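Chains as they are written, first to last, in the numbering used here: chain G, 2 to 217; chain E, 26 to 181. Heads up, the beta-carbon is just placed ideally off N, CA and C, and yes, glycines get one too. In this text, all values refer to a predicted model and were calculated from it rather than measured experimentally. This report concerns only the one structure given below.
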């Protein structure tokens, strides 16, 4: 049996934005929007626009689509914010809407070879080469595009909640403790949910790649 | 997967597993093939998922808020279908349609020429021979007699 290599903390580009714990400030902002204050809505858009745009671009790698979906996300935020119940952080709520909008878009367009059809330019490829970790430099761009395609397909096979949780953990780099604070769930629930989501992803991967599932 | 590994898989994937927990995790995956494979596969997926992170924090093009508000306004405007679903509008539409049908019916009836009504009907065709017969008292008498004869001979 191969020796299991232990991942090193922080090796996987995990130095990401920390959760803003000043919920009272966020809550005040939300309440102002709920009361019909358009300036407060503008604050929310300006506060989260780059985050939302980056999340969408990370999934779709297409600037035009990212702009269009980002507009749709904030329109949804505008119309649904009266139902926001403060159980999770505003970022978590917006994050869920964003990821759902991306997958709605993919479902509607029935994009099969998502990345190959996108406007992924040489410029983007170069930027990707420069921004990712040293280990990633060894992976050819084609392989990375195929990996992205696979990941997008796998994530489409799990529930909206699981998808958001996995992305917040793996892509945004939030820890279990941070996720517990962000979602209002306890740490054990988060761990169980993440574990089940990972199992589902593995099962989907086995089915998609036709690998016999031995241990899932 | 065994409980000891399941409990610590997140710390393992985060690279934060240390001390006794790490030793016990390591000892278990050395002897348990199933947990070893699962932990390895989950780690591979964890690495793979990071390809979805954007190369850098990106900003949407200038004027983004204005475009969001345009979309909000466009979506606030009621669509044709939402108008149809409005109960008051729907009721008005039903009344208007019913009134139109009645008016058209009245118009058609009033403009239809009266003498055309029976020209092409079987009733008119049947009615014509009797109209040609003169209704003289002798004919009436003959008719009455033939009816009486028919009735009298009916039983035979």
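- In the DSSP assignment, residue 80 (chain E) falls outside any alpha helix (DSSP H), carrying neither H nor E.
- Shown in chain order are the members of the segment 63 to 88 of chain G whose Cβ falls below 8 Å from a Cβ of chain E: 67, 68, 71, 72, 73, 75, 76, 79 and 80.
- For residue 173 (chain G), the secondary structure class from DSSP, reduced to helix, strand or coil, is coil.
- When only Cα atoms are considered, residue 158 (chain G) and residue 208 (chain G) end up about 11 Å apart.
- Taking every protein chain shown into account, the CB of residue 87 (chain G) has fewer than 16 other CB atoms within 10 angstroms, so this residue is exposed.
- Around the beta carbon of residue 101 (chain E), a 10 Å sphere encloses fewer than 16 other beta carbons of the protein chains shown; the residue is thus reported as exposed.
- In the structure shown, residue 203 (chain G) falls within a helical segment according to DSSP collapsed to helix, strand and coil.
- Here the alpha carbons of residue 33 (chain G) and residue 148 (chain G) stand approximately 43 Å from one another.
- In this structure, G:61 is the residue among G:50, G:61 and G:74 with its C-alpha nearest to the C-alpha of residue 151 (chain G).
- From the beta-carbon of residue 197 (chain G), no residue of chain E is found nearer than 9 Å; the closest lies around 10 Å away.
- Look at residue 195 (chain G) here: in three-state DSSP terms it is helix.
- Just so you know, the alpha carbons of residue 97 (chain E) and residue 30 (chain E) end up roughly 49 Å apart.
- Restricting attention to G:154, G:45, G:76 and G:29, the CA atom closest to the CA of residue 70 (chain E) is found in G:154.
- Among the residues facing chain E, residue 192 (chain G) is included, as its CB has a counterpart in that chain under 8 Å away.
- With contact defined as three or more Cβ pairs closer than 8 Å, the segment 194 to 201 of chain G and the segment 160 to 167 of chain G are in contact.
- Residue nearest to residue 103 (chain G) within the set G:156, G:145 and G:51 is G:156 (criterion: CA-CA distance).
- For the C-beta of residue 148 (chain G), the chain E residues within less than 7 Å are, from N- to C-terminus, 73 and 76.
- Residue contact check for residue 167 (chain G) against chain E: a CB pair falls below 8 Å.
- Cβ contact annotation for residue 70 (chain G) (same chain, cutoff 8 Å, sequence separation greater than five): 57, 61, 99, 102, 103 and 106, in chain order.
- Among the CB atoms of chain G, none fall inside 8 Å of the CB of residue 48 (chain E).
- The beta carbon of residue 33 (chain E) sits closer than 7 Å to the beta carbons of 42, 46 and 50 from its chain, once the five residues preceding and following it are set aside; these are given in chain order.
- Close to residue 37 (chain G), with beta-carbon spacing below 8 Å, lies no residue of chain E; the smallest spacing is near 13 Å.
- It is roughly 37 Å from the alpha-carbon of residue 30 (chain G) to the alpha-carbon of residue 202 (chain G).
- Counting of Cβ neighbours within 10 angstroms places residue 129 (chain E) among the exposed residues, the total staying below 16.
- Excluding its 5 nearest sequence neighbours in each direction, residue 168 (chain G) has C-beta neighbours in its own chain below 7 Å: 100, listed in chain order.
- No Cβ of chain G is located within less than 8 Å of the beta carbon of residue 87 (chain E).
- Residue 172 (chain G) is positioned such that its CB atom lies closer than 8 Å to that of residue 75 (chain E).
- For residue 27 (chain E), there are no neighbours in chain G by C-beta distance under 9 Å, as the nearest C-beta there is about 11 Å away.
- Rounded to whole angstroms, the separation of the alpha carbons of residue 169 (chain E) and residue 175 (chain E) is 10 Å.
- Straight-line measurement puts the Cα of residue 73 (chain G) at about 15 Å from the Cα of residue 63 (chain G).
- Residue 51 (chain G) and residue 118 (chain E) do not touch by the CB rule: their CB atoms are close to 47 Å apart, not below 8 Å.
- With a beta-carbon spacing of about 5 Å, residue 90 (chain E) and residue 46 (chain G) fall inside the 8 Å limit used to define contacts.
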